Amino acid sequence: MARGPKKHLKRVAAPKHWMLDKLTGVFVKKICMQRFIKIDGKVRTDVTYPAGFMDVISIEKTGEHFRLIYDVKGRFTVHRITAEEAKYKLCKVKKIIIGTKGIPHLVTHDARTIRYPDPLIKVNDTVRIDLDTGKITDFIKFDTGNLCMVTGGANLGRIGVITNRERHPGSFDVVHVKDSTGNSFATRLSNIFVIGKGNKPWVSLPRGKGIRLTIAEERDKRLAAKQGSS
1 MARGPKKHLK RVAAPKHWML DKLTGVFVKK ICMQRFIKID GKVRTDVTYP AGFMDVISIE
61 KTGEHFRLIY DVKGRFTVHR ITAEEAKYKL CKVKKIIIGT KGIPHLVTHD ARTIRYPDPL
121 IKVNDTVRID LDTGKITDFI KFDTGNLCMV TGGANLGRIG VITNRERHPG SFDVVHVKDS
181 TGNSFATRLS NIFVIGKGNK PWVSLPRGKG IRLTIAEERD KRLAAKQGSS
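Mapping the sequence shown onto the numbering used here, position 111 (from 1) lands on 111, and the numbers just tick up by one.
Pasting the structure below:
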């Protein structure tokens, strides 16, 4: 016996911020198996292949390129970039080790291992890697005054300039950051990813430039947009 309409919410009608897939994975599998998708310059046909922070996703059939970064709400966002910018990516240096026969190795945040790096490169610096050759073309030192993005913690996705580093032996170091509106915040050293020298980023940034608005500022912005459209 029927008991009225179904109470389940359909996927298509769900709120956008739930970030559910509106379509099934059938189309994804077909696109990947036709070798249209490249991640960091290499064709990937596995639909479960993991993409992470700063990875470059290319669809050569349509001439589109994207970089995977964080928005100020701490979610992954796909940022459209130019073909020229898609030729390189930034990687944070996680470890520098001496391998067999005294060969120095550099390990990045995306698990790349590069032999014979520049001796000036240290842990927490950022290197620019050419995706065609896999070699380091340039690097940014982890210094005060350089632009950075927060990749973890409560301030995930925020962008600002490094103002100070507090060293705490036996514990984790704390880094103080100031964004372009003058707001300051602090986070762990492990959450900092340097993305530019001075105020100039080496990668293009999404609209908003990593500035997190307060609840009141977001409300005022929505009201202003509503009044402007009406």
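Glycine included, every Cβ here is placed at the ideal spot set by N, Cα and C. These numbers were taken from a predicted model, which means no experiment stands behind them.
Apart from the five residues on each side of it in sequence, which residues of its chain come closer than 8 Å, Cβ to Cβ, to residue i?
i: residue 132; result: 41 and 87
i: residue 221; result: 213
i: residue 108; result: 91, 92, 93, 94, 114, 127 and 129
i: residue 165; result: 144, 173, 174, 175, 176 and 189
i: residue 83; result: 63 and 65
i: residue 11; result: 20, 21 and 22
Tell me whether residue i is buried or exposed, calling it buried when 16 or more other Cβ atoms sit within 10 Å of its Cβ.
i: residue 183; result: exposed
i: residue 172; result: exposed
i: residue 76; result: exposed
i: residue 125; result: buried
i: residue 17; result: exposed
i: residue 117; result: buried
i: residue 52; result: exposed
i: residue 147; result: buried
i: residue 196; result: buried
i: residue 194; result: buried
i: residue 54; result: buried
i: residue 67; result: buried
i: residue 89; result: buried
i: residue 97; result: exposed
i: residue 69; result: buried
i: residue 59; result: exposed
According to DSSP, which residues form a beta bridge with residue i?
i: residue 104; result: 98
i: residue 234; result: Because the chain spans 1 through 230 in this model, residue 234 falls outside it and cannot be assessed.
i: residue 184; result: 178
i: residue 39; result: 42 and 57
i: residue 127; result: 91 and 139
i: residue 201; result: 196
i: residue 113; result: 107
i: residue 165; result: 175
To which residues of the same chain is residue i closer than 6 Å at the C-beta, ignoring the five residues directly before and after it?
i: residue 45; result: 32 and 33
i: residue 155; result: 185 and 187
i: residue 149; result: 159, 193 and 195
Using a Cβ-Cβ cutoff of less than 7 Å, which residues in the same chain neighbour residue i once the five nearest sequence positions on both sides are dropped?
i: residue 145; result: 161, 162 and 198
i: residue 73; result: 157
i: residue 99; result: 105
i: residue 13; result: none
When you compare only the Cα positions, how much space is there between residue i and residue j?
i: residue 8; j: residue 15; result: 14 Å
i: residue 211; j: residue 28; result: 33 Å
i: residue 192; j: residue 169; result: 18 Å
i: residue 6; j: residue 23; result: 21 Å
i: residue 122; j: residue 141; result: 8 Å
i: residue 143; j: residue 205; result: 21 Å
i: residue 203; j: residue 3; result: 56 Å
i: residue 106; j: residue 139; result: 13 Å
i: residue 318; j: residue 152; result: The structure shown does not extend to residue 318, since the chain is modelled only from 1 through 230, so no value can be given for it.
i: residue 50; j: residue 57; result: 11 Å
i: residue 30; j: residue 78; result: 21 Å
i: residue 181; j: residue 209; result: 10 Å
i: residue 216; j: residue 223; result: 11 Å
i: residue 119; j: residue 136; result: 12 Å
i: residue 47; j: residue 25; result: 9 Å
Using a Cβ-Cβ distance cut-off of 8 Å, determine whether residue i contacts chain D.
i: residue 105; result: No chain D is part of this structure, which consists of one protein chain only.
Of all the beta strand (DSSP E) runs that stay within the bounds of the region 63 to 91, which reach a length of 3 or more residues?
Residue ranges of uninterrupted beta strand (DSSP E) with 3 or more members, entirely inside the region 63 to 91 and ordered along the chain, are 64 to 70 and 76 to 81.
In chain order, each beta strand (DSSP E) run of at least 3 residues that lies wholly inside the region 42 to 66:
List check, beta strand (DSSP E) in window: 56 to 59.
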